[in-house]
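A short worksheet on the structure shown next.
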Amino acid sequence: MRQDVESLGPDLVSLTMITDPMGSYQLDDLEAYFPDVVRPFKEHFVCDLHASRMETVSQHHRYYSRKALRGLKIEAVHEPEPFIDEWMDLHQHLIKRHAISGVRAFSRRSFLEQFRTPGVVLMRAVHGQRALASMMLFVQNDVAHAHILGCSPEGYKAGALYAIFWSTWDVFDESVRWCNLMGVPGSDDESAKNIRWFKRGFTPITRTAYLCGKVLNQDRYDELAASRAAADMPWYFPLYRAGEML
């Protein structure tokens, strides 16, 4: 990583990176590579798939997961491209529910590219012949990283997300030790207390992702930052893009 960062020159203004919470790095190294910003960004909830669900999943979540699975079947799809239309329909419910817009909403084209990525797994919660919810994950080494999900109103009522999260213990083989359920949306974790509560019910384990930043062209950085009304966000990096991803 150090060589990659040091190879970047002043033709770029700045570099911003969010670390993999499951990565094999030291905090001291990050602070050396990114002298301008290194700070905790998100706490990710991580399930130990080699541990018993009876020991890690809360009693409440065990009950509702089993209840949901009485009416749903979970399927793991390793070549999900044929399900793109179904996925887009489910994802639209998520967009409306959380008022997601802009680049964060993703396009059909971007999802098609993601569906073709090595290691992708689509978990579908199926009732009859119809999926009520789905979650996209990417497997890398011994970690399955949850990426994004979609759920219909019927899926929420049926507890489909309980069924999907519970079934992560079942769909991966022994080579996958961890399932990274990710953190909660927004710049402030307190803005998504219900999502935090839901994920914490499946695991007590958390890992920290760090936001790292380095200014590569100080003059250009200062010029861009001065043109941005960001006085209420002095902590944002890079400052000239303050608020864009909130």
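Residue 1 is where the sequence shown starts when you use my numbering, and the numbers rise one by one after that. Every residue, glycine too, gets a C-beta built ideally from N, C-alpha and C. Note that the structure is predicted; figures quoted are calculated from it, not measured.
Assigned secondary structure, residue i (DSSP; H/G/I helix, E/B strand, else coil)
| i | result |
| --- | --- |
| Thr56 | helix |
| Ile205 | coil |
| Trp235 | coil |
| His78 | coil |
| Val13 | coil |
| Ile100 | coil |
Per DSSP, the bridge partner or partners of residue i
| i | result |
| --- | --- |
| Ser134 | Arg124 and Gly150 |
| Gly183 | DSSP output for Gly183 lists no bridge partner at all. |
| Pro40 | Tyr210 |
| Ala144 | Val139 and Cys179 |
| Thr168 | In DSSP, Thr168 forms no bridge with anything. |
| Val48 | The amino acid at residue 48 is misidentified as Val; the sequence shows Asp. DSSP lists Trp178 as partners of Asp48. |
Other residues of its chain near residue i: CB distance less than 7 angstroms, five sequence neighbours each side excluded
| i | result |
| --- | --- |
| Trp169 | Leu49 and Arg53 |
| His61 | Tyr162, Gly201 and Phe202 |
Limits of the unbroken alpha helix (DSSP H) element including residue i
| i | result |
| --- | --- |
| Leu224 | Gln218 to Ala226 |
| Leu272 | As shown, the chain starts at 1 and ends at 246. That puts residue 272 outside it, with no answer to give. |
| Asp4 | Arg2 to Glu6 |
Cβ-based neighbour list, residue i, same chain, cut-off 8 angstroms, excluding 5 preceding and 5 following
| i | result |
| --- | --- |
| Val143 | Met22, Val176, Arg177, Trp178, Cys179 and Asn180 |
| Arg39 | Tyr210 and Leu211 |
| Met233 | Leu239, Ala242 and Gly243 |
Terminal residues of the beta strand (DSSP E) in which residue i lies
| i | result |
| --- | --- |
| Ile195 | Careful: Ile195 lies outside any beta strand (DSSP E), inside the alpha helix (DSSP H) at Lys193 to Arg200. |
Same chain only: Cβ atoms within 6 angstroms of residue i, ignoring 5 sequence neighbours per side
| i | result |
| --- | --- |
| Gly183 | Lys42, Glu43 and His44 |
Quiz item: Would the segment 112-125 and the segment 91-101 be scored as touching if the rule is three or more Cβ pairs under 8 angstroms?
Solution: no
Exercise. Count the C-beta pairs between the segment 71-78 and the segment 217-236 that are closer than 8 angstroms, then say yes if the count reaches three, no if not.
Key: no
Quiz item: With a cut-off of 8 angstroms, do at least 3 Cβ pairs link the segment 21-39 to the segment 211-219?
Solution: yes
Quiz item: Is the segment 149-165 in contact with the segment 124-140, if contact means three or more CB pairs nearer than 8 angstroms?
Solution: Yes, since at least three Cβ pairs between the segment 149-165 and the segment 124-140 fall closer than 8 angstroms, the two stretches touch.
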